[in-house]
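From first to last, the protein sequence lines are chains A and B. Numbering follows the working numbering, in which position 79 of the first sequence is assigned residue number 79; successive positions increment by one, without gaps. Numbering follows the working numbering, in which position 29 of the second sequence is assigned residue number 1029; successive positions increment by one, without gaps. Have a look at the structure below, then the notes.
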Amino acid sequence: NAGVTQTPKFRVLKTGQSMTLLCAQDMNHEYMYWYRQDPGMGLRLIHYSVGEGTTAKGEVPDGYNVSRLKKQNFLLGLESAAPSQTSVYFCASSPAVYEQYFGPGTRLTVT
Amino acid sequence: DAKTTQPTSMDCAEGRAANLPCNHSTISGNEYVYWYRQIHSQGPQYIIHGLKNNETNEMASLIITEDRKSSTLILPHATLRDTAVYYCIVLLYNQGGKLIFGQGTELSVKP
């Protein structure tokens, strides 16, 4: 099993550009999450999904959209990137509400 | 959600037990205590969780006080690879697994 994978690993965007981050899991988990981590801080939840076709807002959802069209994939979109969105983005999945499995992260820089 | 308080940093000698404390004085009766850790630049890793009773797994032990206002994560024989930031998180079962990360404790295991 690959576990949780994230694409891309690194990306540099210019202000106003858009992009989509892909999270994929091969563990048949129902729950999936997107977090961001700024330097020296803990992770903050952006959006999450409790099943295929469902999404919900987390702590810091503004400026992001998500979709869960397939159970194994959870996409995070930035429609118009801003420098404040420079961060490391982590995806996680979980079979229930206990143990979350995290991906390796995507390092995004917006100039 | 109950908030948690952890020391900012701790040191531990290699081979000794590492005891990481966490205060959660406002925890409610149906909130669980979770521990995760994050090794530099990687995604967080689940360690253990508990409700009332002490718990042990292959990674660590979790000791929860009788009044549930504090807990201690114990790594019985710390190694250099246990150097990481350790997060204590309190979570309701039915909140869709929405982890709220604080600052955590930076544990340095020294030879």
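Virtual Cβ for every residue (Gly too), placed ideally from N, Cα, C.
- Among the CB atoms of chain A, one or more fall inside 8 Å of the CB of Leu1099/B.
- Per DSSP, the unbroken beta strand (DSSP E) holding Leu13/A starts and ends at 10 to 13.
- Between Gln1045/B and Cys1022/B, the C-beta gap is not smaller than 8 Å, which leaves the two residues out of contact.
- Gln25/A has a beta carbon lying at 8 Å or more from every beta carbon in chain B.
- Look at Gly105/A: its C-beta is under 8 Å from a C-beta on chain B.
- Sixteen is the threshold: since fewer than 16 other Cβ atoms of the shown chains lie within 10 Å of the Cβ of Asp1067/B, the residue is exposed.
- By the neighbour-count definition (other C-beta atoms within 10 Å, threshold 16), Ser94/A is a buried residue.
- Contacts with chain A at 8 Å (Cβ-Cβ) do not include His1077/B.
- Per DSSP, the beta-bridge partners of Ile1048/B are Trp1035/B.
- With its beta carbon less than 8 Å from one in chain A, Tyr1046/B belongs to the interface.
- The distance from the Cβ of Ala92/A to that of Tyr101/A is about 6 Å, consistent with a contact at the 8 Å cut-off.
- Proximity to Leu1075/B across Phe1101/B, Leu1051/B, Met1010/B peaks at Met1010/B, based on C-alpha coordinates.
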